[in-house]
Amino acid sequence: MLHSDKEIDRIIWEAIADSDIRSDFICYIIHSPNGAAHLAEAQEKMMQASQPVAPAMNYLKAVRAIRDLAESGDPCATFHMGKIYSLGIGVVRDVTRAVEWYEKAMALGEARAFGNLGWFYQEGTGVKKDPVKAFELLTHAGNDGVQSAKTASGTMLLKGEGCGKNTEEGIRRIEEAFEAGYLNAGNHLADIYAEGKLVPEDVEKSHAWLQKVAEAGDEKSMAMLGYRLIAGTHGKQDIDAGLAWMQKAIDRKYQPAYLWFASLYRKGLGVPQDTGKMIALLQQGIAAGSADCERALEQVLKERGVATNRPSTMH
């Protein structure tokens with residue numbers, strides 16, 4: 039029987055669900071198999087755990103179970119063993135062992151292993167740096183449905199890294215990855231057109247791609263687009279549209295949006311300087327759970343000579 043990420047997720051959660059060790063839930067959050075079903079619960083249990091510094095003993099039970107599946111020839115489990123050692127999740131990070139597991143997973147046809155090992159060859163992580171090999175592996179993974187790998191191979195084509203430079207094909211791959219649901223490909227295109235290094239600078243295309251990602255529901259892109267349009271930092275200013283996008287990000291309680299919006303009022307970028315609105319936004323961010331907003335508010339109060347020896351609002 040071949041297993042899936044859903045099964046890997048079940049194996050891990052059954053091992054740690056009743057744990058009172060914080061590191062068990064930290065490991066789960068870092069591991070996050072595709073479609074991880076218990077992330078919110080893991081966050082809550084992590085904060086409530088009575089043993090904050092104990093080793094992730096229950097997670098290690100799951101690792102042993104995943105290893106047993108991998109040793110029986112299961113492609114998904116074999117890939118996850120590579121991921122566990124690559125990131126050092128509950129085990130000592132060992133890139134050499136990660137490479138070995140990824141190579142076994144590749145031999146079993148696991149597409150994600152081609153992608154992850156491709157990034158290793160691109161960066162020289164655990165293997166000798168080899169851009170040609172990296173491009174080959176990332177292309178294989180992309181053709182097999184790993185959209186982040188397709189985006190990476192597209193970028194390599196734009197640079198001529200490990201392959202002949204081919205701008206048209208590079209853009210096509212990145213666009214295909216976005217259309218397949220990998221929203222970060224759209225952010226990548228927005229950056230590429232804004233920077234004007236790999237393709238001619240195109241302000242309109244940059245904003246259009248960022249807007250596509252925002253319209254697809256990505257709150258980070260909503261906040262970024264809002265900031266750019268309000269401040270006019272990327273060659274285009276539309277304050278009303280920017281305010282609307284920033285508000286959408288805040289409505290979704292995207293924590294950095296509060297800080298970014300507050301900074302606009304602090305600096306007077308696209309909006310009048312307004313200390314009251316700045317402080318109100320930081321307070322809203324704190325209520326939404328932003329430690330960055332809390333630190334920013336303390337700094338603002340300190341600059342104004344207001345005592346800050348109050349108990350933290352963060353828990």
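First residue of the sequence shown: 39, per this note's numbering; consecutive thereafter.
We put the CB at the ideal spot given by N, CA and C, even for glycine.
Bear in mind the structure is a predicted one, so any value in this text is a computation, not a measurement.
Counted as a single uninterrupted DSSP element, the alpha helix (DSSP H) harbouring Ala-329 occupies residues 329 to 341. Annotation: Leu-335 to Gln-321 spans about 8 angstroms, alpha carbon to alpha carbon.
Residue pairing for Ile-59: DSSP places it in a beta bridge opposite Gln-89. The three-state secondary structure of His-178, taken from DSSP, is helix. Shown here, Leu-221 sits in coil according to DSSP, grouped into three states, outside any helix or strand. With fewer than 16 other CB atoms across the displayed protein chains lying within 10 angstroms of its CB, Gly-255 is exposed. Sequence-distant Cβ neighbours of Ile-49 in its own chain, meaning closer than 7 angstroms and more than five residues away, are Ala-100, Ala-103, Ile-104.
Excluding residues up to 5 positions away in sequence, Met-316, Leu-319, Leu-320 lie with their Cβ nearer than 6 angstroms to the Cβ of Ala-300 in the same chain. In chain order, Asp-58, Ile-59, Arg-60 place their CB closer than 7 angstroms to the CB of Gln-89, counting only its own chain and leaving out the 5 sequence neighbours on each side.
Between Val-129 and Leu-155, the CB-CB gap reaches or exceeds 9 angstroms. Fewer than three pairs of CB atoms, one per stretch, sit closer than 8 angstroms, so the stretch 80 to 89 makes no contact with the stretch 107 to 118. Its Cα nearest to that of Gly-153, the residue Gln-185 stands out among Ala-232, Pro-93, Gln-185, Leu-307.
For Tyr-97, the enclosing alpha helix (DSSP H) begins and ends at 95 to 109. The C-beta of Ala-78 has fewer than 16 other C-beta atoms within 10 Å across all chains shown, which makes the residue exposed. Check the Cα spacing between Pro-93 and each of Ala-223, Ala-143, Asp-62: the tightest is with Asp-62.
One thing to note: Met-119 has its Cβ within 9 angstroms of the Cβ of Ala-143. Just so you know, the alpha carbons of Met-194 and Trp-157 end up roughly 11 angstroms apart. For Ala-149 and Ile-67, the gap between their C-alpha atoms comes out near 23 angstroms.
Rounded to whole angstroms, the separation of the alpha carbons of Gly-343 and Gln-337 is 10 angstroms. Rounded to the nearest whole angstrom, the CA to CA distance from Phe-117 to Thr-205 is 32 angstroms. Going by DSSP, Glu-242 is part of the alpha helix (DSSP H) stretching over 241 to 253. Ranking Ala-151, Val-309, Leu-248, Ser-328 by CA distance to the CA of His-178 puts Ala-151 first. In the structure shown, Pro-310 adopts coil according to DSSP, grouped into three states.
In terms of CA proximity to Asp-229, Asp-240 leads the group Asp-240, Lys-121, Ala-74. Remark: C-beta atoms of Lys-203 and Leu-196 approach each other more closely than 9 angstroms.
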